[in-house]
Amino acid sequence: MPVFTQPVPRDLRGKLFEVNWAFVLLIVLTGSVGILMLYSVAGGAWDPWAIRHATRFGAGLAVMLVVAMVPPRVWMALAYPAYLGALFLLVMVELFGVTAMGAQRWIDLGPIRMQPSEIMKIALVLALARYYHDLPPENVSRPGGMIIPLMMIVAPFLLIAKQPDLGTAVLTGATGAVMVFLAGLSWKIILPGIIASGAGGLMFLRYGLEEYQRARVLTFLNPENDPLGAGYHIMQSKIALGSGGLTGKGYMQGTQAHLNFLPEKQTDFIFTMLGEEFGLVGGLAVLTLYALILGHCLITAMSCRSVFLRLVTMGVTTTFALYVFINTAMVMGLVPVVGVPLPMISYGGSVMFTVLIGLGLILGAHIHRAAEPPKGAGLFG
Amino acid sequence: MRRDKQESQSQFNRRTFMLGAGGVGVFAAIGSQLYNLQILNEDQYRVLSDNNQFSFRIQLPTRGRILDRFGETVAENRDSYRIYIVREQAGDPVLALDRLSRFMPLGEARRERVLRELARTPRFQPVTVAEGVDWETFSRVNLHLPELPGVMPDVGEVRTYPMPAAFAHVAGYVQSAPPEIAGNDPLLRHPAFRVGRTGVEISRDEELRGSAGSLKVEVNAFGRVIRELPEQSRPAEPGRDVTLTIDAASQRFATERLAGQSASAVAMDVRTGEILALASTPSFDPNLFVLGIPSREFRDLNENPYRPLFNKAINGLYAPASTVKGMISLAALRHGVMRPGERVNCRGSVRLGDRTFHCWRREGHGAVNMHDAIKVSCDTYFYEVASRLGIERIRETALELGMGQLFDIGIPMLSQAGGLFPSPQWKRARTGQGWTMGDTYNVGIGQGAVLSSPLQLAVMTARLATGRAVEPTLYARPVAPEFPRLDYDPAHIEAIHNAHVGVVHEPGGTSYWSLGGLGVDGVRMAGKTGTSQVYSISAEERARGVRSQDDLPWRLRNHGLFICYAPAEEPRYAVAVIVEHGGGGARSAAQPARDILRDLIIRDPSGRAGRIAARHDPIQLAQGGR
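Note that the protein sequences, when read in sequence, are chains A and B.
If you use the working numbering, the first sequence corresponds to residues 1 to 381, in order.
If you use the working numbering, the second sequence corresponds to residues 1 to 626, in order.
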């Protein structure tokens with residue numbers, strides 16, 4: 001049991017002193033792996049990916065540290081407005097969104113193109129954390145205490161799934177579910193809930209999937225049946241990984257990647273390329289980096305005094321872990337191909353900022369772990 | 001309240017711990033799958049990765065050459081200049097072709113074909129614009145290459161026949177393998193690969209072909225070659241050269257000497273059986289067939305009444321006519337049915353039942369012995385000899401001398417090229433009628449059903465000249481052959497030989513006036529004329545004024561035949577010539593045959609080349625025939 005004897009640091013110097021620099025180092029290392037791999041993807045060139053990834057990562061780190069400095073009560077105050085704003089944006093995407101790769105995910109705000117679903121990932125975590133922070137623990141398993149979180153989770157889930165972006169929708173929904181679980185929902189409700197959602201999931205797989213999604217699931221179940229069709233990506237990814245062996249083919253020597261047998265190697269399949277060029281050693285090293293980051297997150301969560309910070313930390317951690325698990329499991333053929341990037345290594349700005357803001361919240365939670373914001377407080381309350 | 005809070009905190013921690021444990025489980029699952037892929041199944045995936053990365057391109061073997069007996073080239077490979085275009089670098093294909101057309105002619109049809117092919121091939125794959133481009137055009141395109149993006153000049157090998165007319169029938173030609181032959185063989189299916197289709201090219205195809213090599217290349221996912229790996233490739237093994245017994249100079253000479261006629265000639269070394277010349281005219285250009293002959297030109301060749309595509313020297317069948325008279329005489333001497341000095345009185349014709357058998361000389365030859373009968377080619381004498389011998393004994397000797405036999409000299413021949421020497425059994429089977437004395441009379445002068453090829457006549461001549469069972473061949477035998485002696489009294493062989501010498505060298509001989517000898521000082525020759533009847537002028541036509549062969553259309557005129565060998569004292573070379581519809585043998589065939597023989601004697605390709613040639617001026621072509 002942590003003992004909250006230390007005061008919450010109030011000035012910047014005190015906060016910087018409290019920053020978990022080991023955690024920051026792990027994050028920097030992971031991002032550097034991304035730069036390294038993107039340099040290889042371009043065949044040994046900074047353009048077009050590595051340099052932009054490095055720039056964004058640098059900017060993201062700065063944002064992360066700024067976020068970490070912000071006192072938790074600010075986040076609490078922003079939680080509901082942020083959630084409602086994100087929900088509004090999701091509706092806007094549904095109505096006016098830009099279609100990319102067959103899905104409406106982007107909203108074009110002049111110079112900025114953004115994915116509201118990314119904002120929602122953070123906003124939902126904040127909103128749920130705030131809700132449970134305010135809710136007396138004994139009400140968690142009562143109908144009155146369950147209906148609102150359920151609606152908070154289901155609304156964005158449906159909107160994102162409709163884009164259609166099933167991967168992000170599942171990610172968001174699962175994060176919400178984990179937070180409800182950690183908030184203390186009674187097992188008497190959890191077990192029937194799991195059974196009910198399992199049955200619902202099966203029904204959904206049967207009737208609710210888009211054609212391409214069903215194809216992906218079928219392909220996942222039997223990739224070798226269709227090596228040049230839908231199973232191509234999984235097959236080529238497995239070939240690339242397998243042929244990497246223990247120590248890999250060498251940096252920038254991945255034949256599968258460089259001869260273009262590997263699809264989308266700068267984004268979703270970057271772990272495959274890493275495994276091909278650095279082998280099992282490289283793959284396990286990166287998995288270890290993620291495991292250490294996640295371990296730090298769990299310790300942070302348990303060291304926090306307030307329900308809000310604990311749940312925020314675990315919400316972000318869950319999203320982060322799901323990114324890592326789904327992406328790596330997907331490229332190895334353990335789960336169907338879903339468009340989930342590998343955090344901080346895959347190329348892509350939107351996700352990178354979400355992840356770093358999320359990690360900033362965890363870093364902040366560590367700094368402010370002794371804080372106990374009052375319930376029901378507004379921004380200036 | 002505080003208790004509550006502590007309870008809620010420890011519940012949170014428990015559940016967080018549960019999730020953490022679950023996370024460890026997921027990491028373990030992912031790590032073990034990684035181990036499974038990268039360690040346990042590495043070999044399998046390594047193979048699959050190599051299959052992706054590497055591909056093998058076939059390397060065409062260089063086809064072996066065909067050489068004459070002195071190493072002169074009959075068939076070889078020359079560089080063929082090709083112009084390709086690659087869409088990826090060319091940009092707009094129409095503009096690219098416009099640019100290219102400034103330096104080489106590009107017809108409308110070709111432009112369309114190239115554009116069509118460009119549209120359906122991958123962007124990086126070259127499409128042939130032109131093949132067999134001449135050097136001048138090729139170098140001009142090369143010079144202007146910087147202005148021609150996407151244009152790719154290339155040099156490949158193409159079969160070429162430097163002496164096309166002389167060797168078209170012997171060497172044959174190569175072509176792309178037709179689908180029924182190619183099957184799924186990647187070498188045979190290769191668009192630039194050719195296989196032998198006729199002549200030596202087909203019969204020795206396996207040796208000439210060599211074996212394909214493979215070039216290992218690295219390809220990307222779109223099939224484009226990224227780089228070549230020559231050190232991991234197997235080079236193509238070139239085909240072996242094939243050397244013929246043919247003497248290219250004789251072959252050329254024979255072909256030129258017979259030019260303009262529908263004729264053929266076979267020249268042989270009588271001691272070794274080596275064929276020195278095997279000519280068939282008119283000839284054609286086998287080079288046309290290599291890149292694909294235009295159908296119009298093929299039709300012209302195919303429908304030509306002189307049959308240029310047909311190898312008459314081995315496949316042409318003709319009644320041997322009077323050329324068999326030496327052979328008939330030899331049979332008569334063996335069986336003692338006629339003593340050499342015994343005379344037969346020729347009055348120009350002889351009656352058999354109600355039929356009259358004429359001698360070619362209407363006024364008759366008077367009383368002739370065997371020597372004179374051969375010399376003057378008296379038909380009446382041989383009617384008598386044939387009737388005394390009977391068909392079976394004639395046939396026995398004929399077969400021993402090579403008639404009715406198929407000689408495999410090492411190039412494809414028609415199955416019926418063995419000709420025909422009739423027997424009573426054959427006639428009954430064929431017509432249902434019995435053999436008559438009239439049939440025997442006809443066989444006695446080499447007419448009737450008797451059919452032989454120029455090759456067979458050359459073999460018969462060689463056997464008569466040597467008394468040995470000479471076997472012809474186109475390829476030098478590893479060991480000099482010792483052909484078995486034929487079962488004839490050498491004195492009898494000598495008598496026939498003397499008569500054949502008389503044909504040329506004695507007054508009254510059928511070739512005495514037309515040839516009068518070989519034309520080489522101190523070397524005598526032996527020969528025999530033949531006139532193979534194609535059509536007999538009827539009494540009705542005779543009444544209309546058709547008096548001689550010259551009044552008949554070409555296709556009805558007699559074939560002229562001549563067989564000969566020299567030197568008479570020590571026979572070395574034998575020649576047989578048949579001129580289709582050339583009229584009498586003495587007139588049309590004897591002179592070319594003598595010239596071919598004289599050329600052989602002078603240059604002596606079987607002996608030490610050029611030994612006699614030094615003492616003689618280059619031979620002049622005799623008049624006529626061209």
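Note that the Cβ used here is the ideal one computed from N, Cα and C, for glycine as well.
- Three or more Cβ pairs closer than 8 Å define a contact, and the stretch 180-199 of chain B meets that threshold against the stretch 54-73 of chain B.
- Chain-order list of chain A residues neighbouring residue 46 of chain B: 242, 243 and 245, by C-beta distance under 8 Å.
- For residue 358 of chain B, same chain residues with a beta-carbon under 6 Å away, outside a window of 5 residues either side, are 349 in chain order.
- Counting every other CB atom within 10 Å of its CB across the protein chains shown gives residue 30 of chain B a total of 16 or more, marking it as buried.
- Contact annotation, residue 340 of chain A with residue 330 of chain A: C-beta distance approximately 7 Å; criterion of less than 8 Å satisfied.
- Secondary structure of residue 532 of chain B (DSSP, three-state): strand.
- A straight line joining the alpha-carbon of residue 461 of chain B with that of residue 239 of chain B spans about 36 Å.
- In the three-state DSSP reduction, residue 345 of chain A falls in the coil class, being neither helix nor strand.
- For residue 143 of chain B, no beta strand (DSSP E) run applies; the uninterrupted alpha helix (DSSP H) run containing it begins and ends at 135-143, by DSSP.
- Proximity of chain A to residue 8 of chain B at the Cβ level (cut-off 8 Å) is accounted for by 137, 184 and 307, in chain order.
- Judged by beta-carbon spacing, residue 59 of chain A lies beyond the 8 Å limit of residue 49 of chain A, meaning their Cβ atoms are not closer than that value.
- Residue 501 of chain B carries a helical assignment under DSSP once its states are collapsed to helix, strand and coil.
- If you look at residue 564 of chain B, you'll find it in the beta strand (DSSP E) that goes 559-566.
- Under DSSP, no beta-bridge partner is assigned to residue 323 of chain A.
- The stretch 210-277 of chain B contains, as complete alpha helix (DSSP H) runs of 4+ residues, the segments 248-257 (chain order).
- For residue 346 of chain B, the uninterrupted beta strand (DSSP E) run begins and ends at 344-346, by DSSP.
- Scanning its chain for C-beta atoms nearer than 6 Å, with the 5 sequence neighbours on each side dropped, one finds around residue 266 of chain B the residues 278, 313, 454, 455, 458 and 576, in chain order.
- Per DSSP, residue 349 of chain B lies in no alpha helix (DSSP H) segment; the continuous beta strand (DSSP E) that holds it begins and ends at 349-352.
- By the Cβ-count criterion, residue 353 of chain A is buried, with 16 or more other Cβ atoms from all chains shown falling within 10 Å of its own Cβ.
- Residue 149 of chain A is not bridged by DSSP to any residue.
- In summary, residue 207 of chain A is exposed, with fewer than 16 beta-carbon neighbours lying within 10 Å of its beta-carbon over all protein chains present.
- In this structure, the straight-line span from the alpha carbon of residue 337 of chain A to that of residue 32 of chain A is close to 25 Å.
- For residue 157 of chain B, the enclosing beta strand (DSSP E) stretches over residues 151-160.
- Counting other Cβ atoms within 10 Å of its Cβ, residue 271 of chain B reaches 16 or more and is therefore classed as buried.
- The Cβ atoms of residue 300 of chain A and residue 365 of chain A sit closer than 8 Å to each other.
- For residue 142 of chain A, the nearest beta carbon of chain B is not closer than 8 Å to its own beta carbon.
- The beta carbons of residue 532 of chain B and residue 319 of chain B sit closer together than 8 Å.
- For a cut-off of 8 Å, the C-beta gap from residue 599 of chain B to residue 250 of chain B is around 6 Å, short enough to register as a contact.
- Contacts between residue 87 of chain B and chain A, judged by CB atoms closer than 7 Å, are missing: the closest CB pair is about 19 Å apart.
- Counting along the chain, the unbroken alpha helix (DSSP H) around residue 50 of chain A starts and ends at 50-69.
- Assignment of beta-bridge partners to residue 420 of chain B by DSSP yields B:451.
- The beta carbons of residue 316 of chain B and residue 596 of chain B sit no closer together than 8 Å.
- Residue 284 of chain B sits in coil when the DSSP states are folded into three classes, being neither helix nor strand.
- At least one C-beta of chain B is nearer than 8 Å to the C-beta of residue 238 of chain A.
- Annotation: residue 11 of chain B to residue 184 of chain A spans about 7 Å, alpha carbon to alpha carbon.
- Within the model, the alpha-carbon separation for residue 573 of chain B versus residue 113 of chain B is close to 55 Å.
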